[in-house]
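Note that the protein sequences, when read in sequence, are chains A and B. The first sequence runs 7 to 121 under this note's numbering. The second sequence runs 7 to 121 under this note's numbering. Backbone N, C-alpha and C fix where the C-beta goes; we use that ideal spot for every residue, glycine too. Quick caveat, the model's predicted, so the values are computed rather than measured. One structure is given below, encoded as structure tokens.
Protein chains: 2
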Amino acid sequence: MKTQIKRSGLALSENYLDKVAHRFKALGEPTRLKLVHALMAGEKSVGVLVEETGLNQANASRHLHNLVQAGIVARRKDGNFVYYRIEDATVFDLCDLVCNSLREQHKQASGLFQG
Amino acid sequence: MKTQIKRSGLALSENYLDKVAHRFKALGEPTRLKLVHALMAGEKSVGVLVEETGLNQANASRHLHNLVQAGIVARRKDGNFVYYRIEDATVFDLCDLVCNSLREQHKQASGLFQG
DNA sequence: CAACTAGTTGATTGATTAGTCATCTATTGG
DNA sequence: CCAATAGATGACTAATCAATCAACTAGTTG
């Protein structure tokens with residue numbers, strides 16, 4: 007097993023592909039994006055995140071765990087509270103890129119009907 | 007239903023979140039990343055992609071369809087062949103960002119054991 | 001039109017995953 | 001030590017999705 011893509015001349019290990027995909031996948035869920043967006047304003051406790059997003063507490067906790075696993079978010083415990091914050095600043099750029107691209111494609115799509 | 011996040015002061019519609027997530031999700035699968043990577047060298051037919059990636063033909067076709075739906079890849083039919091190409095150039099930047107971030111975090115992680 | 005080639009799609013299976021409830025752990029304050 | 005609070009987690013359900021085979025469509029060539 008443990009195959010590699012060699013045919014393209016560029017050795018791109020399955021393992022590395024998995025890691026990149028894992029990062030994208032973490033951002034590929036509306037619920038997690040909602041949490042990330044809430045955290046863009048700064049570090050917040052789970053309770054605050056739950057209140058702001060309207061998510062079920064257990065669900066929020068799971069998704070936050072997922073984001074930590076993906077290296078996107080960091081966790082800090084203080085007393086009874088647990089605070090999460092953006093750990094990987096590139097998510098700002100990633101989201102910007104996607105948002106701009108969506109805007110761009112939307113513009114082009116609507117332009118089709120305006121000559 | 008049709009709720010919006012208003013508590014954060016920034017109106018971010020569920021619908022928009024879904025669109026962004028959809029874009030990320032398309033890149034959140036190793037198989038699709040493999041296809042995208044293969045297409046980064048330029049437009050290719052399904053057959054060539056199948057050969058280069060080692061994917062099952064039907065499976066490749068499905069994932070390519072998925073990438074088209076996500077606005078990442080474009081499709082062009084010519085005679086008996088169907089050619090796919092990168093449609094949204096931001097995938098280059100997206101992948102670069104994630105790769106750099108992974109490298110960075112890997113560096114920091116290994117640094118923990120080197121003082 | 002028949003045979004062939006390239007690619008798509010229906011149907012199915014198995015795996016993964018989001019959401020939820022109830023329970024559990026950890027921390028704080030009385 | 002007890003009650004209360006914040007958050008995580010086990011167990012479960014339902015939904016989603018990747019992979020595959022077989023059947024199909026569309027275009028080409030004899």
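Whose C-alpha, out of A:Ser51, A:Gly60, A:Thr96, A:Ala115, is nearest the C-alpha of Gly85 (chain A)?
Distance from the Cα of Gly85 (chain A) is smallest, within the candidate group A:Ser51, A:Gly60, A:Thr96, A:Ala115, for A:Ser51.
Suppose the cutoff is 6 Å on Cβ atoms and the five residues either side in sequence are ignored; what does the same chain contact list for Met46 (chain A) look like?
none
Taking C-beta to C-beta, are Glu41 (chain B) and His71 (chain B) nearer than 7 Å?
A small fix is needed here, since residue 41 (chain B) is Leu in this sequence, not Glu. Contact flag unset, no.
CB contact below 7 Å: Gly53 (chain A) versus chain B:
Put simply, the CB of Gly53 (chain A) is far from chain B, with every gap to its CB atoms at 7 Å or more.
Under DSSP, the beta strand (DSSP E) around Ala80 (chain B) begins and ends at which residues?
79-84
Report yes or no: is there a C-beta of chain A within less than 7 Å of the C-beta of Asp102 (chain B)?
Cβ-Cβ to chain A under 7 Å: no for Asp102 (chain B).
Proximal residues of chain B, C-beta to C-beta of Ala23 (chain A) below 7 Å:
The sequence shown places Leu at residue 23 (chain A), not Ala. Correct list: Pro36, Leu39, Lys40.
Does the beta carbon of Val26 (chain B) sit closer than 7 Å to a beta carbon anywhere in chain A?
yes
Under three-state DSSP, which class holds Leu18 (chain B)?
Strand.
Of all Cβ atoms in chain A, is any one closer than 7 Å to the Cβ of Arg13 (chain B)?
Only weak support exists for where Arg13 (chain B) lies, its pLDDT of 35 falling under 50; the coordinates are left without a value.
Closest by CA to Ala95 (chain B), which one among A:Val88, A:Val97, A:Gln111, A:Gln63?
Of A:Val88, A:Val97, A:Gln111, A:Gln63, the residue nearest in Cα terms is A:Gln111.
Taking His43 (chain A) as the query, report the chain B residues whose CB atoms sit under 7 Å from its CB, ordered along the chain.
Leu18
What residues in its chain sit with their C-beta under 7 Å from that of Val56 (chain A), if we drop five residues either side in the sequence?
Gln63, Ala66
Since Ala95 (chain A) is in the alpha helix (DSSP H), which residue starts that stretch and which ends it?
Note, Ala95 (chain A): premise wrong, no alpha helix (DSSP H); not H, not E.
Give me the DSSP bridge partner(s) of Lys40 (chain B).
Lys40 (chain B) pairs with nothing; no bridge assigned.
Identified DSSP bridge partners for Phe87 (chain A)
A:Asp84
Would you mind sorting Phe30 (chain A) into buried or exposed? The rule is 16 or more other CB atoms within 10 Å of its CB.
A residue is called buried once 16 or more other Cβ atoms fall within 10 Å of its Cβ, and Phe30 (chain A) is buried on that count.
7 Å is my cut-off, CB to CB: does Leu108 (chain B) come that close to chain A?
Yes, because at least one Cβ of chain A sits closer than 7 Å to the Cβ of Leu108 (chain B).
Where the segment 75-99 of chain A meets chain B: residues whose CB sits under 7 Å from a CB there:
Gly77, Asp94, Thr96, Asp99
According to the neighbour-count rule (16 or more other Cβ atoms, all chains shown, within 10 Å of its Cβ), is Ala115 (chain A) buried or exposed?
exposed
With a threshold of 7 Å on Cβ separation, who are the neighbours of His28 (chain B) within its own chain once the five nearest residues in sequence on each side are excluded?
Ala76
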